[in-house]
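What follows is a short report on a single structure.
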Amino acid sequence: MFAATIVLTMLVAITAHPASFISHALDNSFLNYLGARSYSIYLYQLPVFIFFDRIVPKHATLDANILKLAIVLILAELSYRYIENVFRKIKKPIVAAHPRQRFFEIRSVQLTMVVAMMLMVGTDYAISANATGHAKPTNNLEKRLNPGLFMH
3 MFAATIVLTM LVAITAHPAS FISHALDNSF LNYLGARSYS IYLYQLPVFI
53 FFDRIVPKHA TLDANILKLA IVLILAELSY RYIENVFRKI KKPIVAAHPR
103 QRFFEIRSVQ LTMVVAMMLM VGTDYAISAN ATGHAKPTNN LEKRLNPGLF
153 MH
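Next comes the structure, spelled out in structure tokens:
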């Protein structure tokens, strides 16, 4: 255990050093792009995968997986540009442009609330489908991993 800790510490140090080969290899535009949008990708992947698997009958193909990934990346890009960056640019608390404008009338607040509601509904749908037994196993691996869940 101690040796593994030492090795991992050395790898982190080598990677973090700006002059190392690994640091240069990991510092490319594609990985920086994914890193900047990683939180949005994390947020959108579960609802997109759940809804896609429910809507598309034959979803276990390479084309379907590429389409799911593209949808997640598009939603992550939109969220990054129009939600995350908008809130990053705000230096002071969110207040109305005009004193009479209410908090929930601000366009970015409305958009954020719509996205948050979609995420909550999608996650709730995924959880309730498994909890009520409506989620049927799609392959033998799933049956073997959860044998008690799919026996009736």
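For the sequence shown, our numbering gives the first residue as 3, with consecutive numbering after it. Think of the CB as a built atom: it goes at the ideal place given N, C-alpha and C, for glycine as much as any other residue. As the structure is a computational prediction, the values presented were derived from the model and not from experiment.
If you follow the alpha helix (DSSP H) that residue i is part of, which residue opens it and which one closes it?
| i | result |
| --- | --- |
| M3 | No alpha helix (DSSP H) holds M3; DSSP gives it neither H nor E. |
| A27 | 23-28 |
Please report how far the alpha carbon of residue i lies from the alpha carbon of residue j, in whole angstroms.
| i | j | result |
| --- | --- | --- |
| G158 | T11 | This structure does not reach residue 158, given that the chain is present from 3 up to 154, and the question cannot be answered. |
| V58 | A5 | 48 Å |
| D29 | Y35 | 10 Å |
| P49 | T7 | 36 Å |
| S31 | I73 | 21 Å |
| I92 | E86 | 10 Å |
| S110 | M3 | 48 Å |
| D126 | P20 | 44 Å |
| L13 | S22 | 11 Å |
| M120 | A66 | 22 Å |
Looking at C-alpha atoms only, which residue of the options is the closest neighbour of residue i?
| i | options | result |
| --- | --- | --- |
| V117 | L45, V58, D65 | L45 |
| Y41 | Y82, F89, M120, I129 | Y82 |
| F89 | I73, Q112, L75, N67 | Q112 |
| A128 | K70, F54, S22, T63 | F54 |
| T114 | L80, D126, N142 | L80 |
| L69 | R56, F51, Y84 | F51 |
| Q47 | L75, A18, N142 | L75 |
Is residue i buried or exposed, if buried means 16 or more other CB atoms sit within 10 Å of its CB?
| i | result |
| --- | --- |
| A15 | exposed |
| L77 | buried |
| V9 | exposed |
| I24 | exposed |
What alpha helix (DSSP H) runs, 4 residues minimum, are completely inside the region 58-99? 64-81, 87-91, all fully within the region 58-99.
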